[in-house]
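In the working numbering, the protein residues as written are 384 to 802.
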């Protein structure tokens, strides 16, 4: 007899019995793999411990800023003279101290020689006043006046030497020349308007370019901003951040700063300046803080965003345990000590400050003690009470119904009449 004919001859009750057998087997599998085996896993709890150890704890003020070149300025002569050499062009990379340009030193040399001659005369006058002194009040006054004249002339010599040094324009830092506003033959006038005078960097500029015949224009011409050589540093970087009024009291020049870029690179720096005047944003006052990055800052470029941790307090050799090992209830803090043989003992401890994931232990635990951090079971999370669930909380497919509306022996067994 063919299988098709055999299937056709099965009664409805036979189909129900067959389906019930299949479901019983399925239910047994669900119970074994979904409840029995996970229950055995739960009996094997996993314990994580840690050792109390001495660490460095620190307090920081956090801020965010953008990296910028430490030197980004127009560099200019601070003394008067005619440009005799321009050693760079736009696009050149220069080292710190490299010569950028020079002016003639004829007048500056003369000023220095004159100052030295005046100093020699003053020293001679002082020596004569001392040698001829009779101890009288008048003689003492002459000596004092001569000594003061020597001091004045010493100052003149110092200024003349500085002016001669300023006749050579040098790079204040390694960097990239972005613009050159000087040409050989330009006449530079110091901002003070006196030959050999000294002015701050960037305050002097050429009167005007020299004529094609090489004749310089008058030194009385007005200065202009085209005298400068623009330089952007490539090995010296800074970061400007703002700090809220509640934290600014903890920030001062010289503090160490830990910096982190978006790529996870770590850098270090120091606070170079703390602003006194705040700016107000959304009703809160924030103070500007400048940070100088230590070292060359390889890989940095203008505009990189960094997170800054300004360290205002650092303590070393602080006994700590993971914060997860400390339980606090009713004002008392406890840890569970784990002995070498595995026995456990709840111990009350005195805690100090918390930094990150660590908590300071003032008393109650010694360095090297093992503490219980966490205990968990691999089987935790498996559902026990839900009907019709698979291991991990899964359910039978939507719409699935056992024959008759339930498993054998349950509600709705639906035993139909034998036909």
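Where a beta carbon is used, it is the ideal one built from N, C-alpha and C, also for glycine.
Roughly how many whole angstroms lie between the Cα atoms of residue 651 and residue 621?
On the chain shown, position 268 is the one that residue 651 refers to. On the chain shown, position 238 is the one that residue 621 refers to. Computed Cα separation, rounded: 11 angstroms.
Nearest-angstrom Cα distance between residue 702 and residue 436?
Taking the chain shown and counting its residues from 1, the one referred to as residue 702 is at position 319. Taking the chain shown and counting its residues from 1, the one referred to as residue 436 is at position 53. In a straight line, the C-alpha of residue 702 is about 5 angstroms away from that of residue 436.
For residue 563, I'd like the list of residues in its chain whose CB is within less than 7 angstroms of its CB, leaving aside the five on either flank, ordered along the chain.
As a first step, residue 563 must be located in the chain shown, where it is residue number 180. Counting only Cβ-Cβ distances below 7 angstroms, and skipping sequence neighbours, we find 469, 471, 472, 473 and 612.
Proximity below 8 angstroms, CB of residue 714 to CB of residue 730:
On the chain shown, position 331 is the one that residue 714 refers to. On the chain shown, position 347 is the one that residue 730 refers to. No, the pair does not count as a contact, with Cβ atoms beyond the cut-off.
Using the rule of at least 16 other Cβ atoms within 10 Å of the residue's Cβ for burial, across every protein chain shown, is residue 708 buried or exposed?
Translated into positions along the chain shown, residue 708 becomes position 325. Per the 10 Å Cβ criterion, buried.
Between residue 546 and residue 494, is the Cβ-Cβ spacing less than 8 angstroms?
The residue given as residue 546 occupies position 163 in the chain shown. The residue given as residue 494 occupies position 111 in the chain shown. Contact: yes.
Can you have a look at residue 642 and say buried or exposed, based on whether 16 or more other CB atoms are within 10 angstroms of its CB?
Your numbering for residue 642 matches position 259 in the chain shown. Counting Cβ neighbours within 10 Å, residue 642 comes out buried, since at least 16 surround it.
Validate contact between the stretch 656-663 and the stretch 686-701 using beta carbons, cut 8 angstroms, 3 pairs
no
Taking its Cβ as the centre, do 16 or more other Cβ atoms sit within 10 Å of residue 549, making it buried, or is it exposed?
Here the question's residue 549 lines up with position 166 in the chain shown. Residue 549 comes out buried.
Pull the bridge partners of residue 651 from the DSSP assignment, please.
Walking along the chain shown from the start, residue 651 turns up at place 268. Bridge partners of residue 651: 641.
With 16 as the cutoff for other CB atoms within 10 Å, does residue 431 come out buried or exposed?
The residue labelled residue 431 in the question sits at position 48 within the chain shown. Under this definition residue 431 is an exposed residue.
Could you have a look at residue 475 and say whether DSSP puts it in helix, strand or coil?
Taking the chain shown and counting its residues from 1, one reaches residue 475 at position 92. The answer is coil: DSSP assigns residue 475 none of H, G, I, E or B.
Selected residue, minimal CA-CA separation from residue 559, among 754, 483 and 675:
Walking along the chain shown from the start, residue 559 turns up at place 176. Comparing Cα positions, the closest option is 483.
Do you know offhand how far residue 508's Cα is from residue 501's?
Position 125 of the chain shown holds residue 508. Position 118 of the chain shown holds residue 501. Between residue 508 and residue 501, the C-alpha separation is close to 11 angstroms.
For residue 558, which residues does DSSP report across the bridge?
Reading the chain shown from its first residue, position 175 is the one you call residue 558. Partner(s): 477 and 616.
Between residue 669 and residue 629, which are expected to be in contact by the criterion C-beta below 8 angstroms, what is the C-beta distance as a whole number of angstroms?
Mapped onto the chain shown, residue 669 falls at position 286. Mapped onto the chain shown, residue 629 falls at position 246. For residue 669 against residue 629, the beta-carbon gap comes to about 10 angstroms, at or over 8 angstroms, which does not count as contact.
Given residue 544, which residues of its chain have a CB within under 8 angstroms of its CB, disregarding the five upstream and five downstream residues?
As a position in the chain shown, residue 544 is number 161, starting the count at 1. Closer than 8 angstroms at the Cβ level, and outside the excluded window around residue 544, lie 495.
Taking DSSP's pairing of strands, which residues face residue 705 in a bridge?
Translated into positions along the chain shown, residue 705 becomes position 322. Answer by DSSP bridge pairing, in chain order: 741.
Sequence-distant residues of the same chain with beta carbon closer than 6 angstroms to residue 767, five excluded per side
To locate residue 767, count along the chain shown from 1; it is residue 384. In this predicted model, residue 767 has a pLDDT of only 43, less than 50, meaning its place in the structure is not dependable; the value taken from the coordinates is given anyway. Same-chain partners within the cutoff: there are none.
Which residue or residues does DSSP assign as beta-bridge partners of residue 715?
Counted from its first residue, the chain shown places residue 715 at position 332. According to DSSP, which records beta bridges pairwise, residue 715 is partnered with 712.
Relative to the alpha-carbon of residue 533, which residue among 734, 498, 567 and 490 has its alpha-carbon at the smallest distance?
By 1-based counting over the chain shown, the position of residue 533 is 150. When only C-alpha atoms are compared, the closest one is 498.
To test your reading of the DSSP string, which unbroken alpha helix (DSSP H) runs of 4 or more residues are found completely within the stretch 454-541?
Entirely contained in the stretch 454-541, the alpha helix (DSSP H) runs reaching 4 residues are, in chain order, 489-514.
Spatial neighbours of residue 481 in its chain, beta-carbon cut-off 7 angstroms, leaving aside the 5 residues before and after:
For the purposes of this step, residue 481 is taken as the residue at position 98 of the chain shown. Result list for residue 481: 553 and 554, in chain order.
Among 490, 631, 705 and 525, nearest to residue 660 - alpha-carbon criterion
Here residue 660 corresponds to residue number 277 of the chain shown, with the count starting at 1. For the residues 490, 631, 705 and 525, the minimum Cα distance to residue 660 belongs to 631.
Collapsed DSSP secondary structure at residue 544 in the structure displayed
The count along the chain shown starts at 1 and reaches residue 544 at position 161. Residue state, collapsed to three classes: helix.
With DSSP as the reference, label residue 668 as helix, strand or coil.
Along the chain shown, one-based indexing puts residue 668 at 285. Under the three-state reduction of DSSP, residue 668 is assigned to strand.
Residue interval of the beta strand (DSSP E) (run including residue 749)
Reading the chain shown from its first residue, position 366 is the one you call residue 749. For residue 749, no beta strand (DSSP E) segment is defined, and its DSSP state is neither H nor E.
With DSSP as the reference, identify every bridge partner of residue 734, one or two as the case may be.
Within the chain shown, numbered from 1, the residue matching residue 734 stands at position 351. DSSP lists 744 as partners of residue 734.
Relative to the C-alpha of residue 639, which residue among 434, 442 and 438 is closest?
As a first step, residue 639 must be located in the chain shown, where it is residue number 256. Among 434, 442 and 438, the Cα nearest to that of residue 639 belongs to 442.
What does the alpha-carbon distance come out to for the pair residue 682 and residue 618?
As a first step, residue 682 is located in the chain shown; it is residue number 299 there, counting from the start. As a first step, residue 618 is located in the chain shown; it is residue number 235 there, counting from the start. For residue 682 and residue 618, the distance between alpha carbons rounds to 10 angstroms.
Cβ-based neighbour list, residue 745, same chain, cut-off 7 angstroms, excluding 5 preceding and 5 following:
Position 362 of the chain shown holds residue 745. Cβ neighbours of residue 745 beyond the five flanking positions: 733, 734 and 735.
For residue 571, count the other beta carbons within 10 Å of its own beta carbon; 16 or more makes it buried, fewer makes it exposed. Which is it?
Locating residue 571 in the chain shown gives position 188, counting from the first residue. If you draw a 10 Å sphere on the C-beta of residue 571, you find 16 or more other C-beta atoms in it, and that means buried.
Residue burial classification, residue 407 (beta-carbon count within 10 angstroms, cutoff 16):
The count along the chain shown starts at 1 and reaches residue 407 at position 24. Around the beta carbon of residue 407, fewer than 16 other beta carbons sit within 10 angstroms, so the residue counts as exposed.
Could you tell me which residues DSSP pairs with residue 729 in its beta bridges?
Locating residue 729 in the chain shown gives position 346, counting from the first residue. Per DSSP, 719.
Neighbourhood of residue 740 by C-beta distance below 8 angstroms, restricted to the same chain and skipping five residues each side:
Here residue 740 refers to the residue found at position 357 of the chain shown. Correct list, in chain order: 705, 706 and 707.
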